[in-house]
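Novice: This is the structure, below, for whatever I ask next.
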Amino acid sequence: MSDKVEKVDEADKSLSNRILILFIATTTVLIFQGIYNIYSLEGVKTSITQVHDSAFQISLTGTDIAQPASELRQMTMGLVMAPNEQVKEEIKSQISETRDKINKALNGDTFTQFSDEGSTGLLDDISKKWKNYEKEVDKTIEYSNQGVRIAEFLHVTTNEKASYDQLTESIQNFNDYQLGITEAIYTEAQNTSSIAFWSVLLTTIVETIILKVILAYVLSLVKRYVDNKKQHAEELQEKNQALETSIDDLKRVQKQLIESEKMASLNQLVTGVAHEINTPIGIGITASSYFNEQIEKIDQSLQDKTLRPDELKAFLDSGKDSNEVLLSNLKKAAELVQRFKNLSAENIRSETARFDVGTKVSETIRTMSPSLKDVAVNVEYDQSIEIESDPSAIYHSISNLVMNSLNHAFQEEEEHQINIRVESPETELVTIVYSDNGSGISEDKIKNIFDPFYTTNRNKGGTGLGLAIVFNALSQIGGDITCNSEVGVGTTFTMNIKTPVTIRESAA
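Given below as structure tokens:
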């Protein structure tokens, strides 16, 4: 009997030791998991700080350099068109104040506290380009003081403009570099989050296995280990709660990083809008100022009674040309503003109605027929597919895709063709496949085609808003769009709209 008791005690002691070892193993795993989570959180905090610094630098370059430089550019153009010396002196005073503001910003501490060579080098390049632009501004002022209007006008529209473009390019390079830092930090944070997730998952699996072994030992000890079992379950619940809290913290930090990236994208979007609108407005101002100058000359000739018929005719022709330039560029600016407004969900009128998708596509093509005289368009739909949604989204999508083909895809010597097919592969899905036989899009450019202001045809008037409007319009009705293209063969856009569908027997 004594031997049996001793054997039972030894068995119990052995089981207790095994359970103790397993508990120690579990605790060790949790400790390492906690240490890793703390390390990950510290890394995320550092990432947030770096992202905030990059965003702050981009904001400063915009408010302290880019915007004052743009204002300075407008001032020098205004100096060229100044009607009298009083206005000139006022503009010169404003130019001096603006230059002092930019020099103060560049020479201050805010833009000198960089630890990486990339930022320092790009900032030095901005300073260099700013000095060059200052020299060109001085030259413009010199011509203005000398009263050489033609030289002043030519200089401000050539040399000074080129120097200003170089300055804005340097600022953009600096901002792009800071955005690159943000993107790299965001990618690193994503990787860290992924590792943390798998770490939690693996440790949970290990803990579960250990728990099962412990429960097996506890069952062998029956009632003597019931209390230990309950205690262990409570501890496990507390630790799981701690792990869930850590995961929630990681998700919150990830969301903050995403919001920071959105703000950076917004800054880039606003910069694009300003750049696109500045050109037509600047041309319009120049044309208007030139016409005012001609009016003053004609008025002086009338007062002196020296006006000749040929001078009057030349004035009228010049006025007509200036008016056409002014009207054309104002229309272009208005169109840019309207297309930019169409990118916003708040400015897209959404009027829900029941309509036939195939019929709406055909109607859109008919409204664009004057622009499609040299293009063979084929619209196919085997069934009448009705949905209850916003028909204007279909119109905006098809019309902008057609304009994209006309402006970018088709070459003059080709036989142009557009094929559009409407189908409903599922009960709650409408698919519109749009394809052309144009020049195609290279693989490295496809990923950017839906970004606002991304265009490969800017020198021919492209704004880069068309496909962005398509993307936004489809998003408003629960749709999406993808692109597949082969250079030299053509491009296919596939639009999927998730919505209840009613199929009618009539077909196109």
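With the working numbering, letter number 144 in the sequence shown gets 396, and the count goes up by one each step, no holes. Positions of the beta carbon are idealized from the N, C-alpha and C atoms, including for glycine.
1) Leaving aside the five residues before and after residue 418 along the sequence, list all residues of the same chain whose C-beta is less than 8 angstroms from its C-beta, in chain order.
2) Counting pairs of beta carbons, one from the stretch 613–631 and one from the stretch 640–650, are three or more of them closer than 8 angstroms?
3) List the whole-angstrom C-beta distance separating residue 329 from residue 408, where the pair is believed to meet the contact cut-off of C-beta under 8 angstroms.
4) Tell me whether residue 707 sits in a helix, a strand or coil according to DSSP, three-state version.
5) From residue 795 to residue 632, what distance separates their C-alpha atoms?
6) Starting from residue 676 and walking both ways along the beta strand (DSSP E), at which residues does that stretch end?
7) Apart from the five residues on each side of it in sequence, which residues of its chain come closer than 6 angstroms, Cβ to Cβ, to residue 570?
8) Starting from the C-beta of residue 432, find all residues in its chain whose C-beta is less than 8 angstroms away, skip the five residues before and the five after it, and write them out in chain order.
9) Is DSSP giving residue 662 helix, strand or coil here?
10) Quick check on residue 605: buried or exposed, where buried means 16 or more other Cβ atoms within 10 Å of its Cβ?
11) Would you list the residues sitting across from residue 745 in a DSSP beta bridge?
12) Measuring CB to CB, does residue 747 end up less than 8 angstroms from residue 679?
13) My parser needs the alpha helix (DSSP H) runs of 4 or more residues fully inside the stretch 544–578; what are they?
14) Between 620, 552, 674, which has its C-alpha nearest residue 634's C-alpha?
15) Over what stretch of residues does the beta strand (DSSP E) that includes residue 754 continue unbroken?
16) To the nearest angstrom, report how far apart residue 542 and residue 724 are at their CA atoms.
17) Thinking just about the alpha-carbon of each residue, which of 742, 586, 560 is nearest to the one in residue 695?
18) Please look up how many angstroms separate the CB atoms of residue 737 and residue 693, rounded, as I've assumed it's under 8 angstroms.
19) Assuming residue 429 and residue 379 form a contact by the criterion Cβ under 8 angstroms, report the distance between their Cβ atoms to the nearest whole angstrom.
20) Could you check whether residue 720 and residue 745 sit closer than 8 angstroms to each other, using their CB atoms as the reference points?
21) So which of 554, 621, 483 has the shortest CA-CA distance to residue 658?
22) Please state whether DSSP places residue 646 in a helix, a strand or coil.
23) Taking the beta strand (DSSP E) that residue 630 falls in, what are its first and last residues?
24) How many angstroms separate the CA atom of residue 271 from the CA atom of residue 277?
25) I'd like to check one pair, residue 672 with residue 755: are the Cβ atoms closer than 8 angstroms?
26) Considering only the alpha carbon of each residue, which of 439, 729, 426 lies closest to residue 369?
27) Report the residue from 488, 447, 437 whose alpha carbon sits nearest the alpha carbon of residue 462.
28) What span of residues does the alpha helix (DSSP H) with residue 727 cover, start to end?
29) Buried or exposed, going by whether 16 or more other CB atoms sit within 10 Å of the CB of residue 405?
30) Report yes or no: is there a C-beta of chain C within less than 8 angstroms of the C-beta of residue 666?
31) Where do the ends of the alpha helix (DSSP H) carrying residue 405 lie?
32) Nearest by alpha-carbon distance to residue 414: which of 464, 502, 388 is it?
33) Under a Cβ-count criterion, where at least 16 other Cβ atoms within 10 Å of its own Cβ denotes burial, should residue 642 be classed as buried or exposed?
34) When you compare each of 484, 627, 324 to residue 460 by their alpha carbons, which one comes out closest?
35) My output table needs one value for residue 636: the three-state DSSP class, helix, strand or coil.
Specialist: In terms of the structure at hand:
1) 381, 384, 385
2) yes
3) Indeed they touch by this definition, with Cβ atoms about 6 angstroms apart.
4) coil
5) Past the boundaries of the shown model lies residue 795; the chain is included only from 253 to 760, so the question cannot be answered.
6) 668–678
7) 546
8) none
9) It is coil, neither helix nor strand.
10) exposed
11) 686, 735
12) no
13) Runs of the alpha helix (DSSP H) inside the stretch 544–578: none found.
14) It is 674.
15) 754–756
16) 41 angstroms
17) Of 742, 586, 560, the smallest CA-CA separation from residue 695 is found for 742.
18) 4 angstroms
19) At roughly 15 angstroms, the Cβ-Cβ gap does not stay under 8 angstroms, so residue 429 and residue 379 are not in contact.
20) no
21) Selected option, being the one with the closest Cα: 621.
22) helix
23) 627–632
24) 10 angstroms
25) no
26) 426
27) When only C-alpha atoms are compared, the closest one is 488.
28) Taken as a continuous stretch (DSSP letters only), the alpha helix (DSSP H) holding residue 727 covers 718–728.
29) buried
30) Absent from the structure is chain C; it holds one protein chain and no more.
31) 401–409
32) 388
33) Counting of Cβ neighbours within 10 angstroms places residue 642 among the buried residues, the total reaching 16 or more.
34) 484
35) strand
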